Amino acid sequence: MKKEFLDLGKQPIANKFLNKGEFDNEFLFDLKAVFDDDTKLVSLKEFVAPEMMFNDDYTYHASMSDTMKIHFKSLADRLQSEFNPVNVLEIGSNDGIFIRHFNPDNTFAVEPCGNFADMTNDMEYKTYPEFWTTKLSKLIKQEHGTMDLIYAANCICHIHDLDDTFTAVRNLLSEDGIFVFEDPSLLRMMERGSYDQLYDEHAHIFSVTALKNLLERNGLEIFRVDNLNVHGGSNRIYVKLKTNRYRTHEQSYFSNLMQEETFGLDVFNTYEIFAERVEKSKNELVSMLKKLKDDGKKVIAYGAASKATTVFNYCGIDNSLIEYITDTTPSKIGKHQPGTHIPIISPDDGFDETVDVAYLGAWNFKTEIMNKETSYLSRGGKFITHVPQVMMFS
Ligand code: JHZ
């Protein structure tokens, strides 16, 4: 049975940045989170139609961050040296940040956002501009045979029907092939109070516990889990066919299940406590921003992340508290944040000496940003974050 534990109010499509003339009749939905007693999966109560989120106008470019470029290069090197795959497939290849490290002759991609599918096709990687389904996996198997490595980053948690997703993987994996995927970790979200991991795209936030249940009922098994710092705390899950007896559960699999149980991720009350923390965070953030405004400070936001769409819409933060948002992504610049319609400008135009305080929308890149913005910090500039609690820092 699914039980609701969190209501983040009316929210827009987090990555649908708007031009001035597009504010009227913006699509909004109820962003609520539920916990499934049977599978232990945390999901959104209401799913948004995939075509509304993932289409030719999709704006999120993974390569906008140096941290992520290094992350994917080192992972590609490791997977190649440890598993030596021949046929490789990436689900949700975005701008090619991961597959660019593999040979285009036997590396394939699935990417429903046409703008990005064109990019990787231009890089000579055969890219299917479609959503990942069992039907598509059968077609790929027919055309190219089974895959030794199927990889997906920040994509599987976007897919509503996980049974179909995992059946599609099982169908296409070679007998000793591996399926590796990484997504935000539910445990980290709960520990850090980062409720902004919840937005339209994130249909589910995964625990290892829930994934174990869902994968096993689809003929797959987890054998390893890497805990990652990227994107505010993610898990990389290594999966094999149940019928593959050569690999067995590693220590990381057991220790992750144990940590999740100790935290109480299998118990509904843990989520009710989390919801109280979220409301407190909202009140503290709004009070802090109002005080800064009353003190005459210029406050902006740094990074028009999807996560910031959740925070500002949930907290009712608009242009009166945050003057504008700076972001390096060309397709976001000149547009407005979904829901709040706060303008987005280039850091070259907006991250200047007039700024007193910047709310860190991209708090998951704190280290990269702190290293980059030393002159802002040395002239007394400050940042705000709500993770793990609302605070100002420099
Ligand atoms: P960032 C996206 O979430 C969407 P978002 C998606 N659903 C997902 O799961 C995660 O990614 C992985 C900007 N920036 O990466 C770039 C600067 O301006 O946290 C981005 O617009 N200056 C697929 O959108 C934004 O901040 C900088 O120095 O929450 C960060 O967005 C840096 C480092 C980033 O993902």
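Just so you know, we're using the working numbering here: the sequence shown kicks off at 1197 and counts up by one.
Glycine included, each C-beta is placed from N, C-alpha and C at the ideal position.
The structure displayed is predicted, hence computed values, not measured ones.
*For Phe1223, count neighbouring C-beta atoms within 10 Å of its own C-beta (all shown protein chains included) and say buried if the count is 16 or more, exposed if not.*
What you label residue 1223 is simply residue 27 of the sequence shown in a count that begins at 1. Under this definition Phe1223 is an exposed residue.
*Arg1274: buried (16+ other C-beta within 10 angstroms of its C-beta) or exposed?*
Within the sequence shown, the letter at position 78 stands for residue 1274. By the C-beta density criterion, Arg1274 is exposed, having fewer than 16 other C-beta atoms within 10 angstroms.
*Should Met1248 go down as buried or exposed, given a rule of 16 or more other Cβ atoms within 10 Å for buried?*
One-based indexing of the sequence shown puts residue 1248 at position 52. With fewer than 16 neighbouring CB atoms inside 10 Å of its own CB, Met1248 falls in the exposed class.
_Exposure of Pro1526, with buried meaning 16 or more beta-carbon neighbours within 10 Å_ = Locating residue 1526 in the sequence shown gives position 330, where the first residue counts as 1. Around the beta carbon of Pro1526, fewer than 16 other beta carbons sit within 10 angstroms, so the residue counts as exposed.
*Consult DSSP for Gln1533 and reduce its assignment to one of helix, strand or coil.*
Translated into positions along the sequence shown, residue 1533 becomes position 337. Assignment of Gln1533 by DSSP, reduced to helix, strand and coil, places it in the coil class.
*Per DSSP, the bridge partner or partners of Tyr1434*: As a position in the sequence shown, residue 1434 is number 238, starting the count at 1. Answer is Val1376, Arg1420, bridged to Tyr1434.
*Is Ala1500 near the ligand FAD, judged by its Cβ being under 6 Å from some heavy atom?*
The ligand FAD is absent from the structure shown, which contains only the ligand JHZ.
*asked:* According to DSSP, is Pro1543 part of a helix, a strand, or is it coil?
replied: Here residue 1543 refers to the residue found at position 347 of the sequence shown. The three-state reading of DSSP puts Pro1543 in helix, counting H, G and I together.
*For Tyr1395, which of helix, strand or coil comes out of DSSP?*
Position 199 of the sequence shown, counting from 1, holds the residue named residue 1395. If DSSP states are grouped into helix, strand and coil, Tyr1395 belongs with coil.
*Got a sec: does the ligand JHZ put a non-hydrogen atom nearer than 6 Å to the Cβ of Asn1425?*
Stepping through the sequence shown from its first residue, residue 1425 is reached at position 229. No, Cβ of Asn1425 sits at least 6 Å from all heavy atoms of the ligand JHZ.
_Below 6 Å, is the gap between the Cβ of Lys1503 and the nearest heavy atom of the ligand JHZ?_
As a first step, residue 1503 is located in the sequence shown; it is residue number 307 there, counting from the start. Under cutoff, so the answer is yes.
*Kindly indicate which three-state DSSP category Val1474 falls into: helix, strand or coil?*
The count along the sequence shown starts at 1 and reaches residue 1474 at position 278. Looking at Val1474 - three-state DSSP - the assignment turns out to be helix.
*Would you be able to state if there are at least three C-beta pairs under 8 Å between the stretch 1250-1261 and the stretch 1307-1314?*
Yes, the stretch 1307-1314 touches the stretch 1250-1261.
*asked:* What residue range does the alpha helix (DSSP H) around Asp1344 cover?
replied: The sequence position of residue 1344 within the sequence shown is 148, counting from 1. According to the DSSP assignment, Asp1344 belongs to no alpha helix (DSSP H) but to the beta strand (DSSP E) extending over 1343-1349.
*asked:* Run through the DSSP bridge pairs and tell me what Ala1497 is partnered with.
replied: Position 301 of the sequence shown, counted from the start, is the residue given in the question as residue 1497. Beta-bridge pairing links Ala1497 to Ile1521, Tyr1555.
*asked:* Please state the DSSP three-state secondary structure of His1400.
replied: As a first step, residue 1400 must be located in the sequence shown, where it is residue number 204. In the structure shown, His1400 sits in a strand (DSSP, three-state: E or B).
*Report yes if the C-beta of Glu1397 is less than 6 Å from at least one heavy atom of the ligand JHZ; otherwise report no.*
For the purposes of this step, residue 1397 is identified with residue 201 of the sequence shown, where counting begins at 1. Within the cutoff, so yes.
*What do you get for Met1386, buried or exposed, if any count of 16 or more other CB atoms within 10 angstroms of its CB means buried?*
Counting from 1 along the sequence shown, the entry for residue 1386 is found at position 190. It counts as buried.
*Residue closest to Val1583, alpha-carbon to alpha-carbon, out of Asn1431, Glu1339, Ser1448, Glu1480*: Within the sequence shown, residue 1583 is the residue found at index 387, counting from 1. Residue Glu1480 holds the alpha-carbon nearest to the alpha-carbon of Val1583 among Asn1431, Glu1339, Ser1448, Glu1480.
*Taking the beta strand (DSSP E) that Ser1239 falls in, what are its first and last residues?*
Walking along the sequence shown from the start, residue 1239 turns up at place 43. Where Ser1239 is concerned, the enclosing beta strand (DSSP E) stretches over 1238-1240.
*Beta-carbon proximity check, Leu1368 vs Ser1333, cutoff 7 Å*: Sequence index remark: in the sequence shown, residue 1368 carries index 172 (1-based). Sequence index remark: in the sequence shown, residue 1333 carries index 137 (1-based). If you check the CB distance, Leu1368 and Ser1333 come in under 7 Å.
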